[in-house]
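Asks:
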Amino acid sequence: MRQSGAAWLNVQAGFLDEGNGPVLQPVPYGAMPRLALAWLSTYAKRHSSREIPIGESAAEFLRIMGITGDDGRRYTTLRKQMNALAACRLQLGYKGRTFNGQPVEQFDAWVSNRETGQRALWPGVMLLSENYFTELVENAVPLDNRALHALKGSALALDVYTWLAHRLHRIEGRPVILYWTNLREQFGQEYQGKEADKDFKKKFLIALRAVLAVYPQAKVKQVTGGLMLMASPPPIPYKGQ
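Be aware that the sequence shown starts at 998, since it is given in the working numbering, and climbs by one per residue.
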């Protein structure tokens, strides 16, 4: 559960069939599901399709996403987090209205045929839910895949990049000032204690510097007590701009 002001988000773990019945998955976390969801969303919008091919293995999907390197731990992490992402359910609430949703409607997992030792029983496919797909088509902001790859080592940096990509180009008129307490409420609720804001600020500024290096159009200035956000173009211009 995360809450920021009047808005809140609840992510619930779900079950997934891994070939031999239901298995309870963890709540998705870390950089890998963020990268995967960004790639899936981009593919869905670009190809106007809810059904997305994800290959016959975690290694193949990493190659599809453009992430190279033979790393068994990365394959294991991707498989675990893709399963968690496919199974999770979301609740969003704001001032009396609650939305119950699920990004993924159907997931054909990377299940090998253990009896014959053959590859996956069928090619991996992920089907996005109708509501999530409609929201993508109508409101999604294009993200730069090169920036995502550059930030793939930090979940916080990926969150900050995505947030600025959506937020800055919607600012009209005067700049917006956000204070460290508000930013910690949104991005770092795990920071607690007497030095919570100070500790969060230190980590956030490191992530912000990395983000601004790959999103130089972003106009963000550190001011006393927080950050000033100014109207900026999105990382990738919309078609027609």
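We treat Cβ as the ideally placed atom computed from N, Cα and C, and that holds for glycine.
(1) Given that a residue counts as buried once 16 or more other Cβ atoms are within 10 Å of its Cβ, and exposed if not, what is Y1091?
(2) Could you give the first and the last residue of the continuous alpha helix (DSSP H) run that contains I1203?
(3) If you measure between the beta carbons of D1141 and P1050, is that distance less than 8 Å?
(4) Using a 10 Å radius around the Cβ and a threshold of 16 neighbouring Cβ atoms, would you call N1080 buried or exposed?
(5) Going by C-alpha to C-alpha distance, which of L1133, F1201 and I1174 sits closest to P1100?
(6) Can you give me the C-alpha to C-alpha distance between R1086 and G1150, rounded to a whole angstrom?
(7) Do P1030 and L1082 have their C-beta atoms closer together than 8 Å?
(8) How far does the beta strand (DSSP E) with D1014 in it extend, from its first residue to its last?
(9) A1144 and V1211: beta carbons closer than 8 Å?
(10) Report the residue from D1105, K1077 and R1167 whose alpha carbon sits nearest the alpha carbon of G1027.
(11) Can L1153 and A1106 be called in contact, C-beta distance under 8 Å?
(12) Over the uninterrupted alpha helix (DSSP H) stretch that includes F1017, give me the two end residues.
(13) Between R1111 and A1207, what straight-line distance do the alpha-carbon atoms span, to the nearest angstrom?
(14) Helix or strand or just coil, what does DSSP make of S1045?
(15) Between the C-alpha atoms of V1024 and G1223, what's the straight-line distance to the nearest angstrom?
(16) Write down the C-beta distance between L1226 and V1217 rounded to the nearest angstrom, noting that I regard them as a contact closer than 8 Å.
Replies: By the coordinates alone:
(1) exposed
(2) A1193 to V1211
(3) no
(4) buried
(5) L1133
(6) 25 Å
(7) yes
(8) F1012 to D1014
(9) yes
(10) K1077
(11) no
(12) Correcting the residue type first, residue 1017 is Asn in the shown sequence and not Phe. No alpha helix (DSSP H) contains N1017, which DSSP labels as neither H nor E.
(13) Here the model assigns R1111 a pLDDT of 47, short of 50, so the residue's position is not dependable and the matter cannot be decided.
(14) coil
(15) 31 Å
(16) 6 Å
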